[in-house]
Structures are given as structure tokens and as C-alpha cells.
Amino acid sequence: MSEKHWSKIELLHQTVTNPNIIVKGSHSYYSDCWDNGFERDVVRYLHGDAYSRQWEPLGKLDRLLIGNFVCIAAETVILMGGNHTHRTDWLSLYPFMASIQASYQPRGDTRLGDGCWIGMRAMLNARRHHWRRGDRRRRQRGDGRRRALHRGGRQPGPAD
36 MSEKHWSKIE LLHQTVTNPN IIVKGSHSYY SDCWDNGFER DVVRYLHGDA
86 YSRQWEPLGK LDRLLIGNFV CIAAETVILM GGNHTHRTDW LSLYPFMASI
136 QASYQPRGDT RLGDGCWIGM RAMLNARRHH WRRGDRRRRQ RGDGRRRALH
186 RGGRQPGPAD
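Quick note: the sequence shown uses the working numbering, first residue 36, plus one each step.
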């Protein structure tokens with residue numbers, strides 16, 4: 036989209052090129068009215084983008100799994116990429132090149148379930164799964180979940 040406007044959206048199934056982002060269905064969208072689009076500005080530290088696609092992965096790669104009818108508001112950030120080679124159980128968090136292979140730890144897949152709504156400027160950390168309210172027995176993660184506006188941290192926000 037060359038002209039940005041708050042009413043325009045990016046349909047993810049049409050624009051995602053990263054093989055580690057799996058989009059289920061054709062109704063999930065990102066409101067990219069102020070930035071450069073979903074893959075470039077929302078998804079951070081995920082191997083497989085245009086720049087890192089040719090790199091040799093350090094280990095098992097995390098994936099971003101997006102359900103159907105997912106609504107992602109503008110300026111959202113989804114942090115991916117495991118621990119980014121910063122081991123908290125080592126003497127230093129600095130990723131020394133001599134031990135870069137051993138320093139990487141994957142976090143696992145991040146799932147945004149069917150009908151998930153993520154508010155403006157929300158920040159999601161790697162490997163988060165959100166339960167649909169009142170339906171834990173079916174083990175459907177993320178379905179119908181809503182995230183608060185500009186909410187950080189590792190705990191899911193309240194489902195209003």
C-alpha cells in the first residue's frame with residue numbers, strides 16, 4: 036500500500052513471506068496505517084525474514100502461528116527469536132561469539148488463536164498462548180482472546 040490511512044488493512048495471508056509465520060485462513064489482518072507493514076515492523080527477531088533468510092539457524096526455530104479472524108492493531112510488537120543468545124543462567128548476558136551456538140535457546144512457538152484481538156501498541160513476548168475464556172477443557176489456545184492496549188509483560192491481559 037503506497038498511501039497510508041487508518042481505514043486500510045493488510046491481509047496477512049496475502050503479504051506474509053516468512054516461512055516461520057504460518058497464517059491459518061484468509062481473514063486475519065494487521066492495521067498498518069502508520070508503519071511499513073506486519074513482517075517489517077511487528078514481528079521482531081524471527082529468523083526467515085528477507086535479511087536473515089540465508090543465515091544458518093543456530094537451532095530449532097520458533098514459529099509464529101496466526102489463527103483465522105485475528106485482528107492486530109497498529110504499532111503492535113511481537114517479540115520472537117528465543118532468548119536472542121542472551122543466557123540468563125551464565126555469568127554474563129553478553130553473547131560471546133566463541134559460545135554463540137551454545138547460548139541460543141528456543142522459546143517455542145507463539146500462537147495467536149482464532150478470533151484473537153490485539154490492541155494498539157501491545158507487546159507480546161515469545162511463546163505466549165492465550166486461552167479462550169471459559170473453554171479450557173477443549174484446550175483451544177488463543178481463541179477469542181483480547182490483549183489490552185499498550186500492555187507489556189508476560190502475563191495475558193484480562194478478557195473483557
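Every residue gets a Cβ at the ideal spot worked out from N, C-alpha and C, and that includes glycine.
Any heavy atom of the ligand NAP within a distance shorter than 7 Å of the CB on residue i?
i, result
"Gln-49", "Absence of the ligand NAP is noted for the structure shown, with no ligands found whatsoever."
Quick one: what's got a C-beta closer than 6 Å to residue i's C-beta in the same chain, skipping five residues either side?
i, result
"Ala-109", "Ser-66, Cys-68, Trp-69, Met-155"
"Leu-46", "Tyr-64"
Let me check understanding here. Comparing Cα to Cα, which of the options lies closest to residue i?
i, options, result
"Asp-84", "Asn-103, Gly-60, Asn-53", "Asn-53"
"His-62", "Ile-101, Lys-39, Thr-111, Thr-145", "Ile-101"
"Val-58", "Ala-157, Glu-38, Ile-107", "Ile-107"
Return the first residue and the last residue of the beta strand (DSSP E) that residue i is part of.
i, result
"Leu-99", "99 to 101"
"Ile-56", "56 to 58"
Along the alpha helix (DSSP H) that carries residue i, what are the first and last residues, could you check?
i, result
"Val-50", "Sequence inspection shows Thr at residue 50; the Val mentioned does not correspond to that position. That run of the alpha helix (DSSP H) goes 47 to 50."
Go through its chain and collect everything with a Cβ distance to residue i's Cβ below 7 Å, but skip five positions before and after it.
i, result
"Arg-173", "Its pLDDT being 39, under 50, Arg-173 is placed unreliably in this model, and the value from its coordinates should be taken loosely. Excluding positions up to five away in sequence, the list is empty."
"Gln-136", "Leu-93"
"Gln-49", "none"
"Asn-103", "Lys-59, Gly-60, His-62, Ser-63, Asp-149"
In terms of DSSP beta bridges, what is residue i paired with?
i, result
"Cys-106", "Tyr-64, Trp-152"
"Arg-75", "DSSP output for Arg-75 lists no bridge partner at all."
Who are the near neighbours of residue i in its chain, counting only those whose CB is closer than 8 Å to its CB and skipping five residues on each side?
i, result
"Lys-95", "Pro-141"
"Thr-120", "Leu-93, Pro-130, Ile-135, Ser-138, Tyr-139"
*Inside the region 114 to 167 only - alpha helix (DSSP H) runs reaching at least 4 residues*: Fully enclosed alpha helix (DSSP H) runs of 4 or longer: 135 to 138.
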